[in-house]
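Below: one structure, written as structure tokens.
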Ligand SMILES: CC(C)(COP(=O)(O)OP(=O)(O)OC[C@H]1O[C@@H](n2cnc3c(N)ncnc32)[C@H](O)[C@@H]1OP(=O)(O)O)[C@@H](O)C(=O)NCCC(=O)NCCS
């Protein structure tokens, strides 16, 4: 869970904590948009992520809590496709110019997924996220609108 959501939630994840997170995102003053991904075939809820434009209103935003819930569905390009849809919202609907995210160093699949979308590591620092007693070195990655405009055709057709 720490690799997924850092310190956002406590283990074991409770329904109450999830509701609190969703309620917070629904407040009129919350910039956060929470997305769920539903299978077109089965109607099942298979994925989740959120997008939060910066409260500084500087044209940047952050994607977080990216998840394909069922491990059997991972590694099939679903994460990449759901990220692509939210990047379209970020850059073309909300007009952001830069999107960032944090990913644990020890999460190679997520890092590959983000790299394949055009995200690149922001050099300069590695954050060490503390979750309980454990430390998770975390990399910051960023993607700008111009790069996404160039990368997008490859992503949506692959
Ligand atoms: C991280 C996560 C959301 C990625 O979603 P996913 O559906 O598994 O990822 P994708 O299949 O879209 O992409 C990841 C893999 O496909 C590759 N890939 C898929 N399509 C590709 C393409 N057209 N071109 C290049 N690479 C591609 C990625 O490079 C990567 O390689 P791998 O399968 O060998 O590991 C998912 O694995 C997950 O939920 N993990 C657990 C929670 C988590 O770690 N969340 C991230 C928090 S930062």
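In my numbering, the protein residues as written are 3 to 160.
Where a beta carbon is used, it is the ideal one built from N, C-alpha and C, also for glycine.
Within its chain, find whatever has a CB closer than 8 Å to the CB of residue 61; leave out the 5 residues flanking it on each side and keep chain order. Same-chain partners within the cutoff: 97, 98, 99 and 100.
Does DSSP put residue 16 in a helix, in a strand, or in coil? The answer is coil: DSSP assigns residue 16 none of H, G, I, E or B.
Which two residues bound the contiguous beta strand (DSSP E) that contains residue 55? Run containing residue 55: 47-55, per the beta strand (DSSP E) assignment.
Using CA atoms only, rank isn't needed, just tell me which of 95, 158 and 52 is closest to residue 102. The candidate whose alpha carbon is nearest that of residue 102 is 52.
Can you give me the C-alpha to C-alpha distance between residue 35 and residue 95, rounded to a whole angstrom? Rounded to whole angstroms, residue 35 to residue 95 spans 13 Å at the Cα level.
Can you list, in chain order, the residues of its chain with a C-beta nearer than 7 Å to that of residue 7? Leave out the 5 residues immediately preceding and following it. Excluding positions up to five away in sequence, the list reads 67.
Anyone know if the C-beta pair for residue 124 and residue 147 falls short of 9 Å? No, the Cβ-Cβ distance between residue 124 and residue 147 is not below 9 Å.
Return the residue from the list 64, 139 and 54 that minimises the CA-CA distance to residue 27. Taking only the C-alpha atoms, the option nearest residue 27 is 54.
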